[in-house]
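When you line the sequence shown up against our numbering, it's residues 13 to 548, in that order. Note that the Cβ used here is the ideal one computed from N, Cα and C, for glycine as well. The next block holds one structure in the form of C-alpha cells; read it before the comments.
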Amino acid sequence: MSLKGILKSILGKPSKKSNPLQPPIASSSSSSTSYSSSSSLPTRQYSYDVFPSFSGQDVRRTFLSHFVEGLKSKGIKTFIDNGIMRSESINSELIRAIKESRVAVVILSKNYSSSSWCLNELELIMECRDTLGQTVMPIFYDVDPSDVRKQTGDFGKAFEESCHGKTEEQKEKWTKALNQVAVIAGEHSVSWASEAEMISKIVMDVANELPSTDFDRLVGIEAHVKEVKSMLSLASDEVKIVGIWGPAGIGKTTIARALYDQVSSNFQLKFYMENLEGKKKVLIHGTIRLKHYLQKDLLSGVLDYRDMKILDLQETQFRLNHQRVLLVLDDLLPEELQALGDIIKGLRFGSKVIVTSEDIDTLRECGSNEIQTYRVAFPSSEKAMQIFSYSAFGQSSPPRGYLEHAVEVTKLVTPIPLGLKVLGSYLRGKSKDEWIVTLSTLRTSPYDDKHIWRVIRFAYDQLSYKHKYILYELQSGIDLDENVNKAIFFLAQRDWDVEKGIQTLADMALISKLGDGRIIMHYLVQYCAKKFMWPD
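So this is what it looks like as C-alpha cells:
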C-alpha cells in the first residue's frame, strides 16, 4: 500500500515555527471574513452513475465490454444502450440517461466522429458539464487528443464526412464540443502496455468520482461544510480562494476532505495536495528548484498522472487554465504556497481553491489578496461531549453512571476533536476506578496547559513497549514516504501479532486506517513515536 498521496494528518499540522511542546491556543470564538453569497448547483436526480458514449464498431465487443464488467464489479450503475435503435438524432431515453448520470465517460475512437449520433451525445454531455456540473472523463482510444481538438488526421476526415449536408450552426456546435473534450485530462490507450491495467485504472478513477458518505457521522461537520461551501459560491463563474484555519487537531483537514468528496464531481479537474513532509527531506531547497518541483507535482496530480514526466510545462498549464479546477492545498508551508502562486493566479472558469493552515498569515502566501478565510471554532460543550461520548461509549451521550466523570474529563482538556477522540478511545471499556485514576493523572500532568499535546502524550505514555515500537515503525514509513508493508513485514519477524497491534492503535485513535487499507497518523503522534521511543 503506497503512501504516496496519503494524508499525513486527519486534522492538520502546525506551522513549522511552532514548538510542539508549547503550541499556541487559538481563541474559542469562531469567525469568517469576506463571506460570499450562498449558492449551490441545481439539485439533480440521478438514475445512473456512469453514461458511456462510444462508437460501437470500435469498442463494443472489446474495450467497452471489459470496462462495463469492471464497473459492475465495483457496484457502479452504468447505462447500457442495448436495444436502442440509432438514427441521426438521439432519442428521449438517451437524453434522460445522459442528464441523470453522475459521470459521462467519452470513449473517443477512430470512428467516433463519423457518427452523428455520437457527436450529438457529446454535444449534450458537454452542455450538461457546463449547466449541471456533470463530470466528463475522456478516453483517447487509438486517437491523438490533438486530432480530436483540431479535427485533423483520420479523425478529422471522418468528422468532415459527418458534417456533409449539415448546417454551419450544427458543425460549429460539434466542433466546440470536440475542442472542449479534447483538453480534459483523460487516459490515452497508447500510453498503456496493457489494456487490462488501463481499464482497472479508469474504473478506480470513476469510483473515486462518486460521492462518499464517510463523513456523515462526524459531529458538527455538516455546519462547517455548509459555511465553506457558501463562501466558495460553487455555481458562480468567479475564481474563489477560501482559507480554513485554526489550531492543530481542530478539524481543518477533515472539513477540507469532506468538501472535496462532496463537490469534486462538479469539476473537470481536481487535486488534493497535502503537506509534503517526507519529500522535503530529500529536496535540495532553493526557490527556483522548489517552485519547479511543486508546480510539476501539482500539475501532474491535477491531470491525474501522478508519476508522469511533464515535458511541456506551458502546455500542461494551458490545459489547467482552460478547465474548471478544484484544488485543495492542505497545510502547505508559506514557501510552498508562494511557489504555487502563479498557477493559482492563472485559474479561470469558476475554479475554486481551498487552503488549510494553523496560521492565518500563511494563507495570504497563496498569491492572492482576495482570499476569504474561515476560522474553525472550538465545538460547543454539547458537541464536545458528543465527540467524546462516541469514542468512549459508542453513543452520543454518557451512560448515567459515567456522566459526572465524562463532564470532568471534557473540562480538563481543550475541546479539540482529535484530543477528545484519543482520550475517549483510551477510556473506552475502563472501570470507574480507572476513570478516577486517569482524571487524577490529567490533573497532575507536568504540562500546565490543556492543549491537545497533553492528551496525545498521555495516551502515548499508556502504550506497552510493543505498541510503541509498532507505532515507531509505522511513523518511520510515513515520515520517509516508504511502503508501510515493509515496516509491517519487519515487525512480523519478531513473532508479534502486528495486525492486532495496528488495530489496537487504531482503536485508540492514534492512527487511522482508511477504507483502501492505507494508514495515516497525526503529526503529534508521529512526534511522540519519534521522540520518546528512543529518548535522548
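What separation, rounded to the nearest whole angstrom, lies between the Cα atoms of Ser158 and Ile151?
-> For the purposes of this step, residue 158 is identified with residue 146 of the sequence shown, where counting begins at 1. For the purposes of this step, residue 151 is identified with residue 139 of the sequence shown, where counting begins at 1. Their backbone Cα atoms lie some 13 Å apart in a straight line.
As assigned by DSSP and simplified to three states, the class of Met533 = Locating residue 533 in the sequence shown gives position 521, counting from the first residue. Looking at Met533 - three-state DSSP - the assignment turns out to be coil, as it is neither helix nor strand.
Answer yes or no: do His236 and Val388 have a C-beta to C-beta separation smaller than 8 Å?
-> One-based indexing of the sequence shown puts residue 236 at position 224. One-based indexing of the sequence shown puts residue 388 at position 376. Closer than 8 Å, so yes.
Delimiting residues of the alpha helix (DSSP H) encompassing Trp447 | Here the question's residue 447 lines up with position 435 in the sequence shown. 444–455 is the span of the alpha helix (DSSP H), which, as asked, contains Trp447.
How many whole angstroms separate the CB atoms of Gly261 and Gly431, which I take to be in contact at a CB cut-off of 8 Å?
-> The residue given as residue 261 occupies position 249 in the sequence shown. The residue given as residue 431 occupies position 419 in the sequence shown. Indeed, because the Cβ distance is near 6 Å, the residues count as touching under 8 Å.
Contiguous beta strand (DSSP E) assignments of at least 3 residues, all confined to the region 369–433 | 384–387
Counting along the chain, where does the beta strand (DSSP E) carrying Tyr124 start and finish?
-> In the sequence shown, residue 124 corresponds to position 112, counting from 1. Looking at the DSSP string, Tyr124 is not in any beta strand (DSSP E), and its letter there is neither H nor E.
Cα-Cα separation between Glu446 and Leu522, rounded to whole angstroms | As a first step, residue 446 must be located in the sequence shown, where it is residue number 434. As a first step, residue 522 must be located in the sequence shown, where it is residue number 510. In a straight line, the C-alpha of Glu446 is about 20 Å away from that of Leu522.
In chain order, each alpha helix (DSSP H) run of at least 4 residues that lies wholly inside the region 127–165 = 128–144, 157–162
What did DSSP end up calling Tyr539 once you bin it into helix, strand or coil?
-> For the purposes of this step, residue 539 is taken as residue 527 along the sequence shown, with counting starting at 1. Three-state DSSP puts Tyr539 in a helix.
What are the boundary residues of the alpha helix (DSSP H) that includes Tyr272?
-> One-based indexing of the sequence shown puts residue 272 at position 260. Here the alpha helix (DSSP H) through Tyr272 covers 264–275.
Collapsed DSSP secondary structure at Met285 in the structure displayed | Numbered from its first residue, the sequence shown carries residue 285 at position 273. Residue state, collapsed to three classes: strand.
Count the other C-beta atoms from every protein chain shown that fall within 10 angstroms of the C-beta of Leu536, then say buried if there are 16 or more, exposed otherwise.
-> Along the sequence shown, read from residue 1 onward, the residue named residue 536 stands at position 524. Buried, because 16 or more other Cβ atoms sit within 10 Å of the Cβ of Leu536.
Would DSSP call Tyr60 helix, strand or coil?
-> Residue 60 sits at position 48 when you count from the first residue of the sequence shown. Reduced to three states, the DSSP call for Tyr60 is strand.
Quick one, are the C-beta atoms of Val467 and Val425 less than 8 Å apart?
-> Looking up residue 467 in the sequence shown gives position 455. Looking up residue 425 in the sequence shown gives position 413. Going by C-beta atoms, Val467 is nearer than 8 Å to Val425.
Excluding the five sequence neighbours on either side, which residues of its own chain have a C-beta within less than 6 Å of the C-beta of Arg360, listed in chain order?
-> Position 348 of the sequence shown, counted from the start, is the residue given in the question as residue 360. Within the same chain, Arg360 has close Cβ partners Asn333.
Which first and last residues belong to the alpha helix (DSSP H) in which Gly82 is found?
-> Working through the sequence shown from its first residue, we reach residue 82 at position 70. Looking at the DSSP string, the run of the alpha helix (DSSP H) that includes Gly82 is 77–85.
Per-residue burial, Ala208 [other beta carbons within 10 Å of its own, 16 or more giving buried] = For the purposes of this step, residue 208 is taken as residue 196 along the sequence shown, with counting starting at 1. So Ala208 ends up on the exposed side.
Quick one: residues in its chain with C-beta nearer than 8 Å to the C-beta of Val240, no 5 flanking neighbours on either side, listed in chain order?
-> To locate residue 240, count along the sequence shown from 1; it is residue 228. So the qualifying residues of the chain are Val254, Ile256, Ile267, Leu271, Ile366, Tyr386.
Taking 8 Å as the threshold, find out whether the region 124–131 comes into contact with the region 156–172 through three or more Cβ pairs.
-> yes
Grab me the residues of Ile119's own chain with a C-beta within less than 6 Å of its C-beta, minus the 5 sequence neighbours each way, in chain order.
-> Looking up residue 119 in the sequence shown gives position 107. Same-chain partners within the cutoff: Phe66, Val71, Ile151, Tyr153.
Which residue's Cα is closest to the Cα of Ile355: Leu345, Val337, Asp343?
-> Position 343 of the sequence shown, counting from 1, holds the residue named residue 355. Measuring from the Cα of Ile355, the nearest candidate turns out to be Val337.
Are the CB atoms of Ala194 and Arg161 nearer to each other than 8 Å?
-> Looking up residue 194 in the sequence shown gives position 182. Looking up residue 161 in the sequence shown gives position 149. Yes, Cβ-Cβ distance for Ala194 and Arg161 is below 8 Å.
Spatial distance of Ser476 from Met545 (CA atoms) = Within the sequence shown, numbered from 1, the residue matching residue 476 stands at position 464. Within the sequence shown, numbered from 1, the residue matching residue 545 stands at position 533. Answer to the nearest angstrom: the Cα atoms are 11 Å apart.
Between the CA atoms of Lys188 and Ser42 - distance to the nearest angstrom | As a working note, residue 42 is residue 30 in the sequence shown. As a working note, residue 188 is residue 176 in the sequence shown. Unreliable placement is indicated for Ser42, whose pLDDT of 35 sits below 50; the coordinate value is still reported in the next sentence. Those two C-alpha atoms are separated by around 46 Å.
Gly145 vs Val251 beta-carbon contact at 8 Å | By 1-based counting over the sequence shown, the position of residue 145 is 133. By 1-based counting over the sequence shown, the position of residue 251 is 239. Contact: no.
Member of Lys480, His78, Leu439 whose CA lies at the smallest distance from the CA of Tyr414 | Taking the first residue of the sequence shown as 1, we reach residue 414 at position 402. Minimum Cα distance to Tyr414 is reached at Leu439.
Who are the Cβ neighbours of Thr422 in its own chain at under 8 Å, not counting the five residues just before and after it?
-> To locate residue 422, count along the sequence shown from 1; it is residue 410. Correct list, in chain order: Ser393, Ala396, Met397, Phe400, Leu432.
Is Lys542 closer than 8 Å to Gln487 when the C-beta atoms are compared?
-> The residue you call residue 487 lines up with position 475 of the sequence shown. The residue you call residue 542 lines up with position 530 of the sequence shown. Cβ distance < 8 Å, so Gln487 and Lys542 count as in contact.
Along the chain, where does the beta strand (DSSP E) that runs through Lys252 open and close?
-> Taking the first residue of the sequence shown as 1, we reach residue 252 at position 240. Element bounds for Lys252: 252–257.
Boundaries of the beta strand (DSSP E) in which Leu106 is found, first to last residue = For this step, residue 106 is matched to residue 94 along the sequence shown. Careful: Leu106 lies outside any beta strand (DSSP E), inside the alpha helix (DSSP H) at 104–111.
Would you call Arg318 buried or exposed, if buried means 16 or more other Cβ atoms sit within 10 Å of its Cβ?
-> The count along the sequence shown starts at 1 and reaches residue 318 at position 306. With a pLDDT of only 45 at Arg318, under 50, the local geometry of the prediction cannot be trusted, and the value read off the model is given with reservation. Result: exposed.
For the beta strand (DSSP E) holding Asp342, just list the boundary residues, first then last.
-> Taking the first residue of the sequence shown as 1, we reach residue 342 at position 330. Run containing Asp342: 337–342, per the beta strand (DSSP E) assignment.
What is the rounded straight-line gap between the Cα of Asn191 and the Cα of Lys282?
-> Indexing the sequence shown from 1 puts residue 191 at position 179. Indexing the sequence shown from 1 puts residue 282 at position 270. For Asn191 and Lys282, the distance between alpha carbons rounds to 20 Å.
Local conformation of Val115 per DSSP, three classes | Numbered from its first residue, the sequence shown carries residue 115 at position 103. Three-state result, Val115: strand.
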